[in-house]
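Enquirer: Start counting the sequence shown at 1; every next residue gets the next number (UniProt numbering).
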Amino acid sequence: MPNFTVGAIIMLTLIVACYGARLVLGADPNHINPTASLVPPGPSHIFGTDSFGRDLFVRILYGGELSIAASFIAVIISLAGGLIVGFVAGWTGGLTDMVLMRFMDLLLAFPGILLALSISAILGPGLVNALIAIGISSIPVYARLVHGLTNQAKNYVYVESAKIIGASNIRIVLRHILPNIMAPLLVTATTGLGWAMLWEAALSFLGLGVQPPTPDWGSILNSGLDYLQSAWWISVFPGVFITLFVVAVNLMGDGLRDVVDPKNKA
């Protein structure tokens, strides 16, 4: 799995760098130094400083803690919601199936980022509300996948046998269906991390996510919007970290997909 290995190395490097920064650097990401405003990258400030003289290297690494954690939490919310909706619809069938899946189709009709923006605007700015918005926006993707896999799995011989011996629906779902649909779900969730990162960064960039002065990659990128020509480093470096994260999860997803479905291997 060369793709997975490369992606995992990039991801592990990002996680170690961001979560180890607090222990190694011990600096305040919000420390203001007016005498060092807009200093370009150099020995004293590796990534330069912003308009308040704050060290961008420190802010980007500290901000990575929030951005990476937010991506994982958003995917967990989406996955949990999708599992519940998909299982209920796929297992029960009938009217329940039709109502739930038509509602999922309705949500899928909207671009995910537009739906996340709408929900976030209704809930108000803040990281928690942004995570809820991103999580809800991606539920239909997982619900659709779980629904299809459940419809397929519930007709397997071992599932029918479990029904005959009187196993409860919950036991059948947890013991026989869930383990057999986890592989494609894991692939989808892995690539979904990239979308979650982009959407979280977009919401923070627009002022609907993490609020100043708390750093995250989207808000740092936004802080350099007025200085793109004179201080390019403020926006470029957080953009590079976002790109590295997205590339990492996509490589990992491709590697997992090759294992789950070798026929699609390039």
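Note that the Cβ used here is the ideal one computed from N, Cα and C, for glycine as well.
With a CB to CB cut of under 8 Å and the five nearest residues on each side skipped, what residues in its chain are close to Gly42?
Expert: Taking the first residue of the sequence shown as position 1, residue 42 is located at position 42. So the qualifying residues of the chain are Gly48.
Enquirer: Of all the alpha helix (DSSP H) runs that stay within the bounds of the region 162-246, which reach a length of 4 or more residues?
Expert: The region 162-246 contains these whole alpha helix (DSSP H) runs: 169-172, 178-205 and 217-223.
Enquirer: Distance, Cα to Cα, Ala266 vs Thr188?
Expert: As a first step, residue 266 must be located in the sequence shown, where it is residue number 266. As a first step, residue 188 must be located in the sequence shown, where it is residue number 188. At Ala266 the pLDDT is 48, less than 50, meaning the model places this residue with poor confidence; the figure from the coordinates comes in the next sentence. Taking the straight line joining both Cα atoms gives about 18 Å.
Enquirer: For Pro213, which residues from the same chain have a beta carbon less than 6 Å from its beta carbon, with the 5 sequence-adjacent residues on both sides left out?
Expert: Here residue 213 refers to the residue found at position 213 when the sequence shown is read from its first residue. So the qualifying residues of the chain are Asn30.
Enquirer: Restricting to Cα atoms, I'd like to know which of Val159, Asn180 and Met182 is closest to Ile172.
Expert: Here residue 172 is taken as the residue at index 172 of the sequence shown, counted from 1. Minimum Cα distance to Ile172 is reached at Val159.
Enquirer: On the three-state DSSP scale, how would you describe Asp55?
Expert: Here residue 55 corresponds to residue number 55 of the sequence shown, with the count starting at 1. Strand, per DSSP.
Enquirer: How would you label Leu98, buried or exposed, when you count the other beta carbons within 10 angstroms and need 16 or more for buried?
Expert: The residue labelled residue 98 in the question sits at position 98 within the sequence shown. Just to set this straight, residue 98 is Met in the shown sequence, not Leu. By the 10 Å Cβ count, Met98 comes out exposed.
Enquirer: Using 10 angstroms around the beta-carbon of Met182, count the other beta-carbons present and answer buried if the total reaches 16, otherwise exposed.
Expert: For the purposes of this step, residue 182 is identified with residue 182 of the sequence shown, where counting begins at 1. Label assigned to Met182: exposed.
Enquirer: For the structure I just gave you, are there three or more beta carbon pairs, one from the region 217-230 and one from the region 62-72, closer than 8 Å?
Expert: Yes, since at least three Cβ pairs between the region 217-230 and the region 62-72 fall closer than 8 Å, the two stretches touch.
Enquirer: Pop quiz: Gly192 and Ser138 are said to be a contact at Cβ under 8 Å. What is the actual Cβ separation, rounded to whole angstroms?
Expert: For the purposes of this step, residue 192 is taken as the residue at position 192 of the sequence shown. For the purposes of this step, residue 138 is taken as the residue at position 138 of the sequence shown. With a Cβ gap of about 6 Å, Gly192 and Ser138 count as contacting.
Enquirer: Using 8 Å as the Cβ pair cut-off and three pairs as the minimum, do the region 200-209 and the region 125-139 touch?
Expert: Judged by Cβ distances under 8 Å, the region 200-209 makes contact with the region 125-139, as three or more pairs qualify.
Enquirer: Assign Ile136 to one of two classes, buried (16 or more other C-beta atoms within 10 Å of its C-beta) or exposed (fewer than that).
Expert: Translated into positions along the sequence shown, residue 136 becomes position 136. The residue in question, Ile136, is buried, as its Cβ has 16 or more Cβ neighbours within 10 Å.
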